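Reading through the structure tokens given below for one structure.
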Amino acid sequence: MNQVLPADIFVVVNKTVLQDDRKILVSLYEPLIGALAINLYNTLWTYLDHLELISTEYTHNTLLNTMMITVQEMMDARLKLEGIGLLKTYVKRGSVNSFIYELYSPMSAKEFLNNPILGTALYNALGPTEYERRVEFFRIPSINLKNYEDVTAKFSDIFSWTNSSLRNIEIYNLKNKATRPLEIISKIDINTILSLIPEEMLNQRSVTKEVRSFLIKISFIYNYDNEAMVELIRNSITDKHTIDKVKLRELASKYYQFENLGKLPSLIYKNQPEYLRSTKSGVSKKMQQIHLFETTSPYDFICSKYKTGTPTSSDLNIISYLLIDLDLKPGVVNVLIDYVLKINNNNLTKRFVETIAAQWKKSNIETVEDAMNIAEEENKKRKSISNNKRETKQDKKPDWFHQDIEADFATAEEIEELEKMLKG
Numbered sequence: 108m109n110q111v112l113p114a115d116i117f118v119v120v121n122k123t124v125l126q127d128d129r130k131i132l133v134s135l136y137e138p139l140i141g142a143l144a145i146n147l148y149n150t151l152w153t154y155l156d157h158l159e160l161i162s163t164e165y166t167h168n169t170l171l172n173t174m175m176i177t178v179q180e181m182m183d184a185r186l187k188l189e190g191i192g193l194l195k196t197y198v199k200r201g202s203v204n205s206f207i208y209e210l211y212s213p214m215s216a217k218e219f220l221n222n223p224i225l226g227t228a229l230y231n232a233l234g235p236t237e238y239e240r241r242v243e244f245f246r247i248p249s250i251n252l253k254n255y256e257d258v259t260a261k262f263s264d265i266f267s268w269t270n271s272s273l274r275n276i277e278i279y280n281l282k283n284k285a286t287r288p289l290e291i292i293s294k295i296d297i298n299t300i301l302s303l304i305p306e307e308m309l310n311q312r313s314v315t316k317e318v319r320s321f322l323i324k325i326s327f328i329y330n331y332d333n334e335a336m337v338e339l340i341r342n343s344i345t346d347k348h349t350i351d352k353v354k355l356r357e358l359a360s361k362y363y364q365f366e367n368l369g370k371l372p373s374l375i376y377k378n379q380p381e382y383l384r385s386t387k388s389g390v391s392k393k394m395q396q397i398h399l400f401e402t403t404s405p406y407d408f409i410c411s412k413y414k415t416g417t418p419t420s421s422d423l424n425i426i427s428y429l430l431i432d433l434d435l436k437p438g439v440v441n442v443l444i445d446y447v448l449k450i451n452n453n454n455l456t457k458r459f460v461e462t463i464a465a466q467w468k469k470s471n472i473e474t475v476e477d478a479m480n481i482a483e484e485e486n487k488k489r490k491s492i493s494n495n496k497r498e499t500k501q502d503k504k505p506d507w508f509h510q511d512i513e514a515d516f517a518t519a520e521e522i523e524e525l526e527k528m529l530k531g
């Protein structure tokens, strides 16, 4: 756990040459990670000494008071900075934990917009019109030089050397602009994928380290497996037996939109943020279920509910709505999915899910334990309403409360009553 206490100390270390990158941070990074994360980055920058090398020691309480935020808000912002490559964190544990925060430069506009993950995420966050406006802001103007002659002087035209001016150059460890690459755990095996494509079709030597990284990013964005990537690569091979990255990216987007009713993917937490996970320990069935909810992504969780391992496009759209539109935490989404499937005959009815999700969002449910508790309370109320009409029904708790919940299909009338109950 990397949870922070106000008394914990930290220092800020500059791992780059910090420049005024406000336009890049606000125009490109902020739509993905939010204003609070950008504010945290800038605040940590101000703590550096006048040489912008390293800060003195501070407590996190100082940082929280300066920014007027809570520990949770600070942790959420910090994790976003880490995930997107602007910050690296180290901790030395003790009675008072000691943290080191290393600052990294944002990517250039060219690097950011040409990055398949970040470019796609920004497009989805802004929409086509605003996205194009941001791109246009950083685009280099095209100047027609057809009738111009290049008369630029060369170094050797201006400078000359004598023997006395030559010396052995010492290599210094100097400040340099440094960025952190996006760290992604790949679910695909590039070697397996390439082995399934005949060598006469694809020149294996053309699949460089940079191309491999590109394929991993594409698979991450669209959650494609080995089989899907093989198909994409086969349809993106050029006459020169190389992979056309532009075509592959276009095909990946088109296939995804076709399968998902025209929607594009967005970057989301893969599983429950660490700072929101339970600090309790134990081997009870409930604690095991909490661990499962916290360490599994909603996509993998819904896949586990299908014998084929493949959720429907309708179910994926519901998950997308919960994670992106309502901004529910992944672990909370898992509990909600599990709860609805158990009380609704293994069906994710959109209206039913949205009704419950809206109430959980209103109640600011962020942890798995809180979600499980509110699910139990709502199940009791639901059963109470149902028992008024069908007294033969028995109230049972979800299996993570040590019993199996009774699966019965919620009628339209029951859903309507549940909506009234939740609003009340």
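Heads up: the sequence shown is residues 108 to 531, going by my numbering. Even for Gly, the Cβ is constructed at its ideal location relative to N, Cα and C. Remember, it's a predicted structure, so these values are computed and weren't measured experimentally.
With 16 as the cutoff for other CB atoms within 10 Å, does residue i come out buried or exposed?
i, result
"T177", "exposed"
"V111", "buried"
"T403", "buried"
"D127", "exposed"
"F219", "buried"
"D511", "With a pLDDT of 43 at D511, under the threshold of 50, the modelled position of this residue cannot be trusted; read the value that follows with caution. Burial call: exposed."
"V475", "buried"
"S326", "buried"
"S162", "buried"
"R489", "buried"
Going by C-alpha to C-alpha distance, which of the options sits closest to residue i?
i, options, result
"N342", "Y238, L358, D332, N333", "L358"
"I328", "K316, E317, L229, E243", "L229"
"F206", "K324, A144, A114", "A114"
"S293", "I323, Y428, S313, E476", "I323"
"R458", "N424, A285, F245, V314", "N424"
"V314", "A285, N471, S411, K352", "K352"
"H348", "I247, M308, K393", "M308"
"E317", "P288, T123, P213, E476", "P288"
"E338", "S302, L368, E256, R312", "S302"
"E164", "E180, I191, V203", "V203"
"Y362", "E381, S385, A335", "A335"
Go to residue i, then tell me how far its alpha helix (DSSP H) extends in each direction, as first and last residue.
i, result
"N146", "142-153"
"I224", "223-233"
"I292", "Per DSSP, I292 belongs to no alpha helix (DSSP H) and is neither H nor E."
"S427", "420-427"
"I463", "457-469"
"I265", "262-265"
How many angstroms separate the CA atom of residue i from the CA atom of residue j?
i, j, result
"K354", "T345", "9 Å"
"N149", "N221", "25 Å"
"L160", "V120", "6 Å"
"T259", "S215", "27 Å"
"I224", "I300", "21 Å"
"T236", "P138", "14 Å"
"K469", "R200", "36 Å"
"L194", "N254", "48 Å"
"E433", "S320", "Here residue 433 turns out to be Leu, not Glu, going by the sequence shown. Going from the Cα of L433 to the Cα of S320 covers about 32 Å."
"I409", "I444", "8 Å"
"A478", "W467", "8 Å"
"E306", "A465", "53 Å"
"L147", "Y136", "13 Å"
"A144", "A184", "4 Å"
"R246", "N471", "41 Å"
"Y211", "S360", "30 Å"
"T462", "T227", "30 Å"
"L186", "F262", "47 Å"
"N168", "S134", "30 Å"
"N453", "R241", "44 Å"
Taking the Cβ atom as the reference point for each residue, do residue i and residue j lie within a distance shorter than 8 Å?
i, j, result
"A482", "V440", "no"
"L399", "E473", "no"
"I116", "T166", "yes"
"I295", "D332", "yes"
"N378", "P437", "yes"
"V447", "L435", "no"
"L125", "W152", "yes"
"I131", "P213", "yes"
"E366", "S411", "no"
In terms of residue numbering, what span does the beta strand (DSSP E) encompassing residue i cover?
i, result
"L194", "194-199"
"F206", "205-210"
"F117", "116-121"
Can you find a CB in chain B that lies within less than 8 Å of the CB of residue i?
i, result
"T462", "Within the model displayed, chain B is absent; a lone protein chain is all it includes."
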